[in-house]
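Quick note on my numbering: the sequence shown kicks off at 87 and runs consecutively. As structure tokens, the structure follows; a few thoughts come after it.
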Amino acid sequence: MELIEPALYAVVYIAYFVTTPWRWAKERRRLRRLSRLWGAWAGSRGWTMRDRWEGMGTAFSSKVFGRGGTRRALFGYEGMFDGVPVAGFSHEHTSGCGPERETTHRHVSMLRVPGARFPGLTVTPQTSKTERDVQFEDTEFNRSWHVTGAVPRFTHDVVHPRMMQWLTSALLPRSSSVCFERDTILITTPGILTPEQVDDHLRLLTRTVALVPGFVLREVGCRHPLPIADSGPGGGLAFTAAASSAP
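Right, here's the structure in full:
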């Protein structure tokens, strides 16, 4: 019996490495197919698309993006939505090796606020394993969401009663997370989105950002109001250009 378990492990590892070339070829075909799909979608609305967004996979430090392993951003897009420059990508976090290798997928939608420097703030789904967090008067909100923030005043100014009501509504998936980091506001949701689902995800982002009080944006360095409107996708200024054109 003592020899059976090591032998089984050996068989599993040999099978894994023997099939590695086949799995790599399958993955390359999958990426080429998705590249054509995302490229056609972005081109149809005049947006910019990147097969692999170098540096973006590791650009943010929030725990929702995983720890250790490798992270990459695929099929990134930039364009205008609801009157503001937005971007998004498919995030992959891979940990482990061999047969124990595991990849976690998230979709990320983000809006850069020119001139802003946000204190770190993360709102994630509450679980039994989450650590102690910021507590609010709304007990339903406390049961549903785990909030961590670097600056208490900023945290409470952003997570005000209307924001809590929005976050606990049925419109926002309870598996999503909201992050404020550097000059960017992000919404991430586990899984892989199709291009047809992106607009709904971006609308979650713009509705969340619209609830951030104007005085909060001014205090963190935003010089102009965000012209958010319920206008959907459009061409124009891209996400990366918005930061470089800030006064």
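Note that CB positions come from ideal geometry on N, CA and C, so glycine has one too.
CB-CB length for residue i against residue j, believed under 8 Å
| i | j | result |
| --- | --- | --- |
| Trp-139 | Phe-175 | 5 Å |
| Phe-146 | Leu-272 | 7 Å |
| Arg-268 | Arg-203 | 7 Å |
| His-177 | Arg-198 | Their Cβ separation, rounded to whole angstroms, is 17 Å, which puts His-177 and Arg-198 out of contact at 8 Å. |
| Val-220 | Gly-235 | 6 Å |
| Thr-274 | Val-194 | 5 Å |
| Ile-278 | His-191 | 5 Å |
| Thr-270 | Met-196 | 5 Å |
Beta carbon of residue i nearer than 8 Å to that of residue j
| i | j | result |
| --- | --- | --- |
| Met-135 | Gly-143 | no |
| Arg-131 | Gly-165 | yes |
| Phe-240 | Pro-205 | yes |
| Gln-251 | Trp-231 | no |
| Phe-222 | Val-245 | yes |
| Val-172 | Leu-291 | yes |
| Pro-319 | Asp-285 | yes |
| Pro-276 | Ser-261 | yes |
For residue i, three-class secondary structure by DSSP
| i | result |
| --- | --- |
| Arg-203 | coil |
| Trp-124 | helix |
| Trp-133 | coil |
| Ala-296 | helix |
| Thr-213 | coil |
| Ser-230 | helix |
| Gly-162 | strand |
| Gly-182 | coil |
| Arg-239 | helix |
| Val-302 | helix |
| Ala-327 | With a pLDDT of 43 at Ala-327, under the threshold of 50, the predicted position of this residue should be treated as unreliable, and no value is reported. |
| Leu-253 | helix |
Does the segment 312 to 319 come close enough to the segment 215 to 231 that 3 or more CB-CB pairs lie under 8 Å?
no
Any chance you could list the beta strand (DSSP E) runs of at least 3 consecutive residues sitting entirely within the segment 260 to 291, in chain order?
263 to 268 and 270 to 276
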